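Engineer:
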Amino acid sequence: MSASAEQKRKIEENRARVLERLQKKRLGNESPKVDKTSKSAAAATTHEANRDSPKRPLSQILDSPTNAFKSKFIDFEFDGSVKRSKTQEQIEKVEQNRLRAIEIQNRLRDRKENNSKQAPSAEVTYGPTTDLEKIRLNKNNPDSVFDSRKGKFQPPPIKKKDYIEYDFATMQDTKGGFIHDEDRPRVDDETLQEWKDKQKELEQLKKAAPPIDIDTAPKCYECGSLDIDLNLYTNFRKVRACRSCIKKMPEKYSLLVKTECKEDYLLTEPELQDLSLLPRIEKPNPHGYSRMQLFLRFQVEEFAFKKWGSSEGLDMEWERREQNKLKRKEKKYQDALREMRKKTRAEEFTRKLRHGKSLNERHVHDWAAPVKLSNNMIKKRCIECGIEMEEVVI
Numbered sequence: 102m103s104a105s106a107e108q109k110r111k112i113e114e115n116r117a118r119v120l121e122r123l124q125k126k127r128l129g130n131e132s133p134k135v136d137k138t139s140k141s142a143a144a145a146t147t148h149e150a151n152r153d154s155p156k157r158p159l160s161q162i163l164d165s166p167t168n169a170f171k172s173k174f175i176d177f178e179f180d181g182s183v184k185r186s187k188t189q190e191q192i193e194k195v196e197q198n199r200l201r202a203i204e205i206q207n208r209l210r211d212r213k214e215n216n217s218k219q220a221p222s223a224e225v226t227y228g229p230t231t232d233l234e235k236i237r238l239n240k241n242n243p244d245s246v247f248d249s250r251k252g253k254f255q256p257p258p259i260k261k262k263d264y265i266e267y268d269f270a271t272m273q274d275t276k277g278g279f280i281h282d283e284d285r286p287r288v289d290d291e292t293l294q295e296w297k298d299k300q301k302e303l304e305q306l307k308k309a310a311p312p313i314d315i316d317t318a319p320k321c322y323e324c325g326s327l328d329i330d331l332n333l334y335t336n337f338r339k340v341r342a343c344r345s346c347i348k349k350m351p352e353k354y355s356l357l358v359k360t361e362c363k364e365d366y367l368l369t370e371p372e373l374q375d376l377s378l379l380p381r382i383e384k385p386n387p388h389g390y391s392r393m394q395l396f397l398r399f400q401v402e403e404f405a406f407k408k409w410g411s412s413e414g415l416d417m418e419w420e421r422r423e424q425n426k427l428k429r430k431e432k433k434y435q436d437a438l439r440e441m442r443k444k445t446r447a448e449e450f451t452r453k454l455r456h457g458k459s460l461n462e463r464h465v466h467d468w469a470a471p472v473k474l475s476n477n478m479i480k481k482r483c484i485e486c487g488i489e490m491e492e493v494v495i
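All the letters of the sequence shown, read from the start, carry residue numbers 102 to 495 under this note's numbering.
Structural data, given as structure tokens:
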């Protein structure tokens, strides 16, 4: 917006007034002091004019035709910049810093001259060196360098290559620094027969010592042999059976997993977990992370026959559970079929209404005599469809 003539006139008056005031300050405030009333009136007029006029930066005022001026509070240079005066404390601190810097510079120059004059011509020995000094100076390592001129230890340079070749055949897995058992060295020249012989020797060490008295020694149930299986004898309540009998009669001495005990002999989880009822052994499961529990077959059969009465009772219980499974399956199928029929009838009803077809005759309820429930409540029931309705009598 363009300024009016009145605004331009006020701007010029304010500018002339400011220049006049600056000239008075430059001449050293020679003009007499103005009284407070005139000062306040002039300040009010100036404030009004400055509010209407656009603001001017300090550079425009300093670039006026007048020369550099002096102020009571601020000193100005000839180029218009503000001259800041330092206090006496600041001047003293600057002088102290300058003298200290000169002293440090002279000291460094003298040290440099002394080092250049004392160039080492031969190696100087300072008497016997102890082991502690060798460790400190790292003299045992020929790659390390100790520069006496610089006064500090210089480590050997790092050897950098573009390509580092590793021999994976000689690398060893340290297991991240944790303690581990070292693997036994593999003998590649060992034959299969030698390996079998070693396994037999280890098996002989695992076997129990021969009995002192043959008459009182444990013998096999089936054949009376003294060569009983130590695994069955120690883990399954001293079951005495030799290895040949175990292979001949798997229907008695074979091991069963927990799933077979549940499905075939109808035993529960608490019964299988009770060691006082059924002893067991645990082995790593090849099909998962959980350990595999193994039970002896004839012990499981004895407990199951005792639980269900006999083998016939076990079979009857198994048949009853199978029939219940079939009944539950049939019931589930019938419920699904009934639900499907309901949806089909609802869709047929909706389809007829959508096409505007008439339905069967309208049903009219035939209510029976109402039954009084309370003071204002009665209950009615349709004789034909059986719907019930409660009404409030007012």
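By construction, the Cβ of each residue, glycine as well, lies at the ideal position given by its N, Cα and C atoms. Since this is a predicted model, take the numbers as computed values, not measurements.
1) Rounded to whole angstroms, what is the Cα-Cα separation between Ile112 and Leu200?
2) Please report the straight-line C-alpha distance between Gln400 and Asp436, rounded to a whole angstrom.
3) Please work out which residues of its chain come closer than 8 Å, Cβ to Cβ, to Lys320, disregarding the five sequence neighbours upstream and downstream, and give them in chain order.
4) When DSSP builds the beta bridges, which residues end up paired with Asn396?
5) Does Phe247 come out as helix, strand or coil in the three-state DSSP assignment?
6) Measure the alpha-carbon distance for Ala202 versus Gln255 and round it to whole angstroms.
7) Quick one: is Gln394 buried, meaning 16 or more other Cβ sit within 10 Å of its Cβ, or exposed?
8) Would you call the segment 402-412 and the segment 361-370 in contact, with 3 or more CB pairs under 8 Å?
9) Roughly how many whole angstroms lie between the Cα atoms of Ile488 and Leu373?
10) Should Arg381 go down as buried or exposed, given a rule of 16 or more other Cβ atoms within 10 Å for buried?
11) Alpha carbon to alpha carbon, what distance is there between Asn425 and Asn336?
12) Give the straight-line distance between the Cα atoms of Thr317 and Cys324, rounded to the nearest whole angstrom.
13) Bridge partners of Trp468, per DSSP?
14) Determine the direct distance from the alpha carbon of Cys483 to that of Glu449, and round the result to whole angstroms.
15) In its own chain, which residues sit with a C-beta less than 8 Å from the C-beta of Glu352, not counting the 5 before and 5 after it?
16) Please state whether DSSP places Cys346 in a helix, a strand or coil.
17) If you draw a straight line from the C-alpha of Glu196 to the C-alpha of Leu123, how long is it?
18) Can the beta-carbon of Tyr334 be found less than 9 Å from the beta-carbon of Cys346?
19) Candidates Gly389, Thr445, Glu485, Arg212: which alpha carbon is nearest His464's?
20) Can you tell which of Leu378, Gln294, Lys433 has the C-alpha that lies nearest to the C-alpha of Lys408?
21) Using the beta-carbon count (16 or more within 10 Å), is Leu356 buried or exposed?
22) With a threshold of 9 Å between beta carbons, is Lys297 in contact with chain B?
23) In the DSSP assignment, find the unbroken alpha helix (DSSP H) run with Val119 in it and report its ends.
24) Rounded to whole angstroms, what is the Cα-Cα separation between Phe279 and Glu370?
25) From the DSSP output, in three-state form, read off Lys134 for me.
26) Which residue wins for smallest C-alpha separation from Pro471, given the options Thr451, Arg452, Glu492?
27) Identify the continuous beta strand (DSSP E) that holds Lys384 and give its terminal residues.
28) Can you tell me whether Lys408 is helix, strand or coil according to DSSP?
29) Under three-state DSSP, which class holds Glu196?
30) Taking only the alpha-carbon atoms, compute the straight-line gap between Ser411 and Pro387 and give it to the nearest angstrom.
31) Which residue marks the beginning of the beta strand (DSSP E) containing Glu370, and which one marks its end?
32) On the three-state DSSP scale, how would you describe Asp164?
33) Give the secondary structure of Met441 by DSSP, where H, G and I count as helix, E and B as strand, and everything else as coil.
34) DSSP state of Glu323, grouped into three classes?
35) Please name the residue or residues paired with Glu489 in a DSSP beta bridge.
36) Look up Ile203 in the DSSP assignment and say whether it is helix, strand or coil.
Structural biologist: With the structure as the only source:
1) Translated into positions along the sequence shown, residue 112 becomes position 11. Translated into positions along the sequence shown, residue 200 becomes position 99. C-alpha separation (whole angstroms): 55 Å.
2) As a working note, residue 400 is residue 299 in the sequence shown. As a working note, residue 436 is residue 335 in the sequence shown. Spanning the two alpha carbons is a distance of roughly 43 Å.
3) Locating residue 320 in the sequence shown gives position 219, where the first residue counts as 1. Excluding positions up to five away in sequence, the list reads Ser326, Leu327, Ile329, Arg341.
4) The residue labelled residue 396 in the question sits at position 295 within the sequence shown. At residue 396 the sequence reads Phe, which differs from the Asn that was named. According to DSSP, Phe396 bridges with Leu357.
5) Residue mapping note: residue 247 aligns to position 146 of the sequence shown, counting from 1. Unreliable placement is indicated for Phe247, whose pLDDT of 48 sits below 50; no coordinate value is reported for it.
6) Taking the sequence shown and counting its residues from 1, the one referred to as residue 202 is at position 101. Taking the sequence shown and counting its residues from 1, the one referred to as residue 255 is at position 154. Looking at the two C-alpha atoms, the distance is approximately 30 Å.
7) Residue 394 sits at position 293 when you count from the first residue of the sequence shown. Counting Cβ neighbours within 10 Å, Gln394 comes out buried, since at least 16 surround it.
8) yes
9) Here the question's residue 488 lines up with position 387 in the sequence shown. Here the question's residue 373 lines up with position 272 in the sequence shown. Rounded to the nearest angstrom, the two C-alpha atoms are 55 Å apart.
10) Counting from 1 along the sequence shown, the entry for residue 381 is found at position 280. So Arg381 counts as buried.
11) Here residue 336 corresponds to residue number 235 of the sequence shown, with the count starting at 1. Here residue 425 corresponds to residue number 324 of the sequence shown, with the count starting at 1. Cα-Cα distance, rounded: 38 Å.
12) Here residue 317 is taken as the residue at index 216 of the sequence shown, counted from 1. Here residue 324 is taken as the residue at index 223 of the sequence shown, counted from 1. Answer to the nearest angstrom: the Cα atoms are 16 Å apart.
13) For this step, residue 468 is matched to residue 367 along the sequence shown. Its beta-bridge partners are Cys483.
14) As a position in the sequence shown, residue 449 is number 348, starting the count at 1. As a position in the sequence shown, residue 483 is number 382, starting the count at 1. Cα to Cα, Glu449 sits roughly 26 Å from Cys483.
15) Taking the first residue of the sequence shown as position 1, residue 352 is located at position 251. Hits under 8 Å: Arg398.
16) Position 245 of the sequence shown holds residue 346. When DSSP states are grouped into helix, strand and coil, Cys346 belongs to the helix group.
17) Locating residue 196 in the sequence shown gives position 95, where the first residue counts as 1. Locating residue 123 in the sequence shown gives position 22, where the first residue counts as 1. If I take the Cα positions, the gap works out to 37 Å.
18) Translated into positions along the sequence shown, residue 334 becomes position 233. Translated into positions along the sequence shown, residue 346 becomes position 245. Their beta carbons are not under 9 Å apart, which means Tyr334 does not touch Cys346 by this criterion.
19) As a first step, residue 464 is located in the sequence shown; it is residue number 363 there, counting from the start. The option with the nearest alpha carbon to His464 is Glu485.
20) Here residue 408 corresponds to residue number 307 of the sequence shown, with the count starting at 1. Here the closest residue by C-alpha is Leu378.
21) By one-based count along the sequence shown, residue 356 stands at place 255. Buried, because 16 or more other Cβ atoms sit within 10 Å of the Cβ of Leu356.
22) Within the model displayed, chain B is absent; a lone protein chain is all it includes.
23) In the sequence shown, residue 119 corresponds to position 18, counting from 1. That run of the alpha helix (DSSP H) goes 106-127.
24) Here residue 279 corresponds to residue number 178 of the sequence shown, with the count starting at 1. Here residue 370 corresponds to residue number 269 of the sequence shown, with the count starting at 1. Taking the straight line joining both Cα atoms gives about 40 Å.
25) By one-based count along the sequence shown, residue 134 stands at place 33. Low per-residue confidence applies at Lys134: pLDDT is 46, beneath 50, and the placement is therefore not dependable, though the value from the model is reported in the following sentence. Coil, per DSSP.
26) Along the sequence shown, one-based indexing puts residue 471 at 370. It is Glu492 whose Cα lies nearest to the Cα of Pro471.
27) Position 283 of the sequence shown, counting from 1, holds the residue named residue 384. Unbroken beta strand (DSSP E) run through Lys384: 382-385.
28) The residue you call residue 408 lines up with position 307 of the sequence shown. In the structure shown, Lys408 sits in a helix (DSSP, three-state: H, G or I).
29) Taking the sequence shown and counting its residues from 1, the one referred to as residue 196 is at position 95. Helix, per DSSP.
30) Position 310 of the sequence shown holds residue 411. Position 286 of the sequence shown holds residue 387. If I take the Cα positions, the gap works out to 35 Å.
31) Within the sequence shown, the letter at position 269 stands for residue 370. Where Glu370 is concerned, there is no enclosing beta strand (DSSP E), although the alpha helix (DSSP H) it sits in stretches over 370-374.
32) As a first step, residue 164 is located in the sequence shown; it is residue number 63 there, counting from the start. Confidence at Asp164 is low in this model, with a pLDDT of 48, below 50, so its placement is unreliable and no value can be given for it.
33) Here residue 441 refers to the residue found at position 340 when the sequence shown is read from its first residue. Reduced to three states, the DSSP call for Met441 is helix.
34) Taking the sequence shown and counting its residues from 1, one reaches residue 323 at position 222. Three-state result, Glu323: coil.
35) Reading the sequence shown from its first residue, position 388 is the one you call residue 489. Answer by DSSP bridge pairing, in chain order: Arg482.
36) Indexing the sequence shown from 1 puts residue 203 at position 102. The answer is helix: DSSP assigns Ile203 an H, G or I state.
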